[in-house]
Amino acid sequence: MGSCIICGTSTDGYICESHEEDVVFAFEGSHANQLTPGRFYRGSVDGFAEFGVFIDIGDSVTGLLHRSELDSRLESLDWDSGDTVYVQVTDVHDNGNVDLTWSIRQADREFRGSLVDTPEGDELPDEAEAPDPNERAVAGRPATDADESAVTTDEPQTGESSATVDIDGASTESETDTNTERATGTSAASAADDGEATLAEPDEERERVAIDELESRVGDEVRVEGAVASVRQTGGPTVFTLHDETGTVDCAAFEEAGVRAYPDVEQGAVVAIEGRVERHREEIQVEASGLAVLDDEEREAVEDRMEEALAEQAQPGAVAPLAEDGAVDDRLDEIRDLAGLIRRAVLDSRPVIVRHDASADGYVAASAIERATLPLVRDEHAERDAEYHYFDRRPLGEGVYDMNSATRDVTKMLDANERHDEKIPLFVFCGVGGTGASKDGLELLSVYDADRAVVSDGATNGETAESFVDTAGTTASAIAATVAVHVDPDARDDLEHLPAVSFWEDTPEAYAELASEAGYDPDRARDLRQSVALVANYQAYEDKRELVADLLFDGRESLAARLATQFREKLDTALETARTHLERHEVDGTAVNVLDTDAFTHRYDFPPTGLLCDELHRRTRDDAPVLLGIGEDELLVRHVDALDLDAVAADVADGAPDADVSVGATGDDRLTFLVGERAAVREAAIEAVAERS
Numbered sequence: 001m002g003s004c005i006i007c008g009t010s011t012d013g014y015i016c017e018s019h020e021e022d023v024v025f026a027f028e029g030s031h032a033n034q035l036t037p038g039r040f041y042r043g044s045v046d047g048f049a050e051f052g053v054f055i056d057i058g059d060s061v062t063g064l065l066h067r068s069e070l071d072s073r074l075e076s077l078d079w080d081s082g083d084t085v086y087v088q089v090t091d092v093h094d095n096g097n098v099d100l101t102w103s104i105r106q107a108d109r110e111f112r113g114s115l116v117d118t119p120e121g122d123e124l125p126d127e128a129e130a131p132d133p134n135e136r137a138v139a140g141r142p143a144t145d146a147d148e149s150a151v152t153t154d155e156p157q158t159g160e161s162s163a164t165v166d167i168d169g170a171s172t173e174s175e176t177d178t179n180t181e182r183a184t185g186t187s188a189a190s191a192a193d194d195g196e197a198t199l200a201e202p203d204e205e206r207e208r209v210a211i212d213e214l215e216s217r218v219g220d221e222v223r224v225e226g227a228v229a230s231v232r233q234t235g236g237p238t239v240f241t242l243h244d245e246t247g248t249v250d251c252a253a254f255e256e257a258g259v260r261a262y263p264d265v266e267q268g269a270v271v272a273i274e275g276r277v278e279r280h281r282e283e284i285q286v287e288a289s290g291l292a293v294l295d296d297e298e299r300e301a302v303e304d305r306m307e308e309a310l311a312e313q314a315q316p317g318a319v320a321p322l323a324e325d326g327a328v329d330d331r332l333d334e335i336r337d338l339a340g341l342i343r344r345a346v347l348d349s350r351p352v353i354v355r356h357d358a359s360a361d362g363y364v365a366a367s368a369i370e371r372a373t374l375p376l377v378r379d380e381h382a383e384r385d386a387e388y389h390y391f392d393r394r395p396l397g398e399g400v401y402d403m404n405s406a407t408r409d410v411t412k413m414l415d416a417n418e419r420h421d422e423k424i425p426l427f428v429f430c431g432v433g434g435t436g437a438s439k440d441g442l443e444l445l446s447v448y449d450a451d452r453a454v455v456s457d458g459a460t461n462g463e464t465a466e467s468f469v470d471t472a473g474t475t476a477s478a479i480a481a482t483v484a485v486h487v488d489p490d491a492r493d494d495l496e497h498l499p500a501v502s503f504w505e506d507t508p509e510a511y512a513e514l515a516s517e518a519g520y521d522p523d524r525a526r527d528l529r530q531s532v533a534l535v536a537n538y539q540a541y542e543d544k545r546e547l548v549a550d551l552l553f554d555g556r557e558s559l560a561a562r563l564a565t566q567f568r569e570k571l572d573t574a575l576e577t578a579r580t581h582l583e584r585h586e587v588d589g590t591a592v593n594v595l596d597t598d599a600f601t602h603r604y605d606f607p608p609t610g611l612l613c614d615e616l617h618r619r620t621r622d623d624a625p626v627l628l629g630i631g632e633d634e635l636l637v638r639h640v641d642a643l644d645l646d647a648v649a650a651d652v653a654d655g656a657p658d659a660d661v662s663v664g665a666t667g668d669d670r671l672t673f674l675v676g677e678r679a680a681v682r683e684a685a686i687e688a689v690a691e692r693s
């Protein structure tokens, strides 16, 4: 029976079951069947093919990393043969083929431990087996000095015995005791009665030093206080990454080669660490001589300092809106608050998840926030894949954040939290989440204290979101673009054309002029709008990050024009069919067009029903101010004048009491009902919209 190198619990071998996926393995076997599916391995690039990359795992086993498993396009990879990469083995076939998937962690320091997978069993790495720090790692980026110190150090890097020096610097044990402890795997810290390190009060010469001042204190014994951002076990010391209100520093604590120091101290703990400030190949590091978890007043003092500094850093400055828009100007306070939430999440290393409608407006709105947030993520995190780890867009094909979508998000969130200590994300909703149809999903997030911000037109958000920005009178994109310039003012030049792209008609003059000044005349803005609407329809649950960026930001004008031509051709064909089958009704002098969207549209091809009804109504509204598109269990309402959809829903429910009528997606004027009451709903809806129009 041994102890887990990460948490110290008793286990067979070196790693407990709950931390198996937190360790990276070096493989020393000679056959593929000696690999263990589910484990993460350090490998090297062997060669390229149209369908993926061949990765050598060890000296004699090669697996395939299929292009579908990569986090970026194959042709954009900055890899050379021999580059170090990190992969997970998903399957080993009887014929020896090895299937691999991409690891989001692409450096030894991003794992919490390192072991060697040998035919005889798992072993601790020896110094000679540690990876060469000069090898290219993290998808082509040279390994950093921090990587080297974290992976290859097998002895404490100060002349003191870190396991036997109390935090006030006074020696507490004899050299004989020190040798005994190293042989038995115990230390003064781990031998405390309560299983935690103890901290003596510092003397006057051991005052607290802010992390951003350590550069000028090389060679000094110092005390630093802060929260543990991460813990990783190397072949030598345990490395605690500590952050305070001024910065972040690695602190190396040595127990025994490859053995976890201070096993009770985990991510999130508020601690004091004392030790010598050293410089290792240009990187500042504290060689810890003692560590203690702070309690009560000391902990609160540290947390208060960090909270105050973080809040100040996250607060957006005074930024002018992109253009004069009364609907935006009336909401500037809410917009600044939302921008502050996003900035705060990035600074706090919390992922930002943007949920948006799978429409042109939804994609443009979410892409505006993405464009402004990613530079902040890159500034905060050096990892090449940080922008994929700390920011995600997830379209909603139905325009509603229902329990199905919420359950998926919560499952992924909890899995990332359990396996990788990932923090609970901030969820931002663009063009969705504003009606009662999303209430249950939003409330499920609230159970796990996930912050929720909604940019949408709706009335129920006070119950379900910490931040709500009403989009009434403008588009979600116009609001989101203004949020984005508050998140990162430097992104303004990239965002000036986006509001104009989101308006299907009657683009406000201020936005049209702004887009024109940025090089987007009305025809080009139309092409962007139509091309995004086209790609939004396909693979509706995929973010299509690179493709959308190519269209909106990277000057692929010819691509947008080509896709826009496809959009118009497909839409015109669908409109021709739909117009042929329109039914015109006249009720009390009001004309109502009705389209059976079940019978006379291609429901699973382009254009989607909502977009088709939008355009059909634009082309027929001079003849009939109201259009109803009735499907199997949903009713789309398109109208010229303002229409209270909740009142219409109540009227329809009165006329079809057994239909369970409810309001659907935000901004889509959609009612849902029971399939068996379709005929009753149809007749009641015609009467209701005619009367209220």
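Residue numbers for the sequence shown, in UniProt numbering: 1 to 693. Ideal placement from N, C-alpha and C gives every residue a C-beta, glycine not left out.
Let me know the secondary structure DSSP gives residue i once reduced to three states.
i	result
L242	strand
T573	helix
A564	helix
G317	coil
Y86	strand
L445	helix
S18	helix
L376	helix
E278	strand
S693	coil
S367	helix
S438	helix
C251	strand
G29	coil
T7	First, the residue type needs correcting, since residue 7 is Cys and not Thr in the sequence shown. Coil.
Q530	helix
Is the CB-CB distance between residue i and residue j below 8 Å?
i	j	result
residue 694	A647	The chain is shown only over 1 to 693; residue 694 falls outside these bounds and no answer can be derived.
V626	V689	yes
V302	E225	yes
G555	L595	no
G63	D99	yes
G52	L65	yes
E542	A518	no
I274	R223	Correcting the residue identity first, residue 274 is Glu in this sequence and not Ile. It is a contact, given that the beta carbons lie within the stated cut-off.
L674	V663	no
A229	T246	no
A500	A525	yes
Answer with buried or exposed for residue i, where buried requires no fewer than 16 other C-beta atoms within 10 angstroms of its C-beta.
i	result
L320	For the record, residue 320 in the displayed sequence is Ala; it is not Leu. Label assigned to A320: exposed.
Y511	buried
D440	exposed
A146	Low local confidence applies: a pLDDT of 38 at A146 is under 50, so the model's placement there is unreliable, and no value is given.
E509	exposed
R568	exposed
Q539	exposed
V218	exposed
A491	buried
P125	buried
D12	exposed
For residue i, write down the residues that DSSP places opposite it in a beta bridge.
i	result
P395	H356
E221	R276
N593	R584 and L627
S230	T241
S662	T672
R350	Answer by DSSP bridge pairing: none, since R350 is not bridged.
C430	H356 and V455
Give a single yes or no on whether residue i has its beta carbon closer than 7 Å to a heavy atom of the ligand COA.
i	result
R279	Annotation note on the ligand COA: not contained in the displayed structure, which lists no ligands.
Cβ contact (3+ pairs, closer than 8 Å) linking the segment 367–379 and the segment 328–346: In the pairwise beta carbon analysis, the segment 367–379 is classified as touching the segment 328–346: at least three pairs are separated by under 8 Å.
Any 3 or more C-beta pairs closer than 8 Å across the segment 634–642 and the segment 409–423: Contact fails: fewer than three Cβ-Cβ distances are below 8 Å.
Touch test, the segment 466–478 against the segment 322–338, Cβ-Cβ under 8 Å, three pairs minimum: Judged by Cβ distances under 8 Å, the segment 466–478 makes contact with the segment 322–338, as three or more pairs qualify.
Cβ contact check for the segment 33–43 and the segment 84–94: 3 or more pairs under 8 Å: Yes, since at least three Cβ pairs between the segment 33–43 and the segment 84–94 fall closer than 8 Å, the two stretches touch.
contact_flag[the segment 560–575, the segment 531–544] where n(CB pairs < 8 Å) is 3 or more: At 8 Å Cβ cutoff, the stretches touch.
Validate contact between the segment 351–364 and the segment 382–402 using beta carbons, cut 8 Å, 3 pairs: Note that the segment 351–364 touches the segment 382–402; at least 3 beta-carbon pairs, one per stretch, sit closer than 8 Å.
Segment contact, 8 Å Cβ cut-off, at least three pairs: the segment 226–242 with the segment 253–270: The segment 226–242, when compared against the segment 253–270, does touch it at the 8 Å Cβ threshold.
Three or more C-beta pairs below 8 Å linking the segment 540–551 and the segment 572–583: Under the three-pair Cβ rule at 8 Å, the segment 540–551 does not count as touching the segment 572–583.
The segment 438–452 touching the segment 310–317, judged by at least three CB pairs closer than 8 Å: A contact is defined here as three or more CB-CB pairs under 8 Å, and the segment 438–452 fails this definition with respect to the segment 310–317.
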